[in-house]
Amino acid sequence: MNFFRHRPIGLPALALLIAAAGCSSADDGTRAAVPDPGAKVTELCQNLDGTLPSEVDGEGRRDPEPASALTAGWGNPAIILRCGVPRPAEMDDPEADGVEVEGVGWLLQKRDDGSYRFTTTLRRAYVEVTIPKARTGDGMAPLVDVAPAVKKAIPEGIAD
């Protein structure tokens, strides 16, 4: 039996396995649904993407898949930012929890999986930051890093 005769069959399979392993996404927060806002909000979000910090809470930027100027991520498990999300219904609740960090108002939502989701209030685009359960011990430190960019790129007002 000639070893080289079998090699072409094995290499494509090996290449496919390696490619699949390299492209697969574990449940580590590296995937994020990309919002689909209108043109005005998309432009604001693209401006935000250009002003976001390279580090949040001491973790380097590691954007989720699929790549988009409307999403960003830092660390593993990832802190995920999505810009141009719809207005959360909880903003209509007068009992909803809110915080202000570095001059930016945020709606606070504790999720069933132990993570926290913060969504900006009174800005021309809604920006959502999700902090996974494994990273919640740092409190709102990620918002301290993100808020100046939001304040600079997303003007105050009511989102369209």
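Per mature numbering (1 follows the signal peptide of the UniProt record, and there is no 0), the sequence shown runs over residues -26 to -1, 1 to 134. From the three backbone atoms N, C-alpha and C, an ideal C-beta is built for every residue, glycine too.
Close beta carbons around residue i, own chain, < 6 Å, minus the five adjacent residues each side
i: residue 15; result: 58 and 99
i: residue 23; result: 43
Residue i in three-state terms, based on DSSP
i: residue 46; result: strand
i: residue 26; result: coil
i: residue 71; result: strand
i: residue 123; result: helix
i: residue 78; result: strand
i: residue 96; result: coil
i: residue 34; result: strand
Beta-carbon proximity check, residue i vs residue j, cutoff 7 Å
i: residue 108; j: residue 51; result: yes
i: residue 18; j: residue 128; result: yes
i: residue 70; j: residue 55; result: no
i: residue 31; j: residue 116; result: yes
i: residue 75; j: residue 118; result: yes
i: residue 8; j: residue 42; result: yes
i: residue 94; j: residue 62; result: no
i: residue 45; j: residue 6; result: yes
Other residues of its chain near residue i: CB distance less than 8 Å, five sequence neighbours each side excluded
i: residue 130; result: 96, 97 and 98
i: residue 4; result: 36, 38, 39, 47, 50 and 52
Which residues DSSP lists as bridging residue i, in chain order
i: residue 5; result: 39
i: residue 15; result: Residue 15 is not bridged to any residue.
i: residue 105; result: 90
i: residue 83; result: 91
Proximity test, residue i beta-carbon vs the ligand HEM heavy atom, cut-off 6 Å
i: residue 24; result: As presented, the structure is devoid of all ligands, the ligand HEM included, so that no description of it is given.
Interface flag, residue i vs chain C, CB-CB below 7 Å
i: residue 27; result: Given the protein chain composition of this structure (a single chain), no chain C is represented.
Closest by C-alpha distance to residue i, when choosing among the options
i: residue 102; options: 110, 112, 111 and 83; result: 83
i: residue 111; options: 12, 53, 134 and 60; result: 53
Cβ neighbours of residue i in the same chain (closer than 7 Å, five flanking residues each side left out)
i: residue 91; result: 83, 85, 102 and 104
i: residue 87; result: 107
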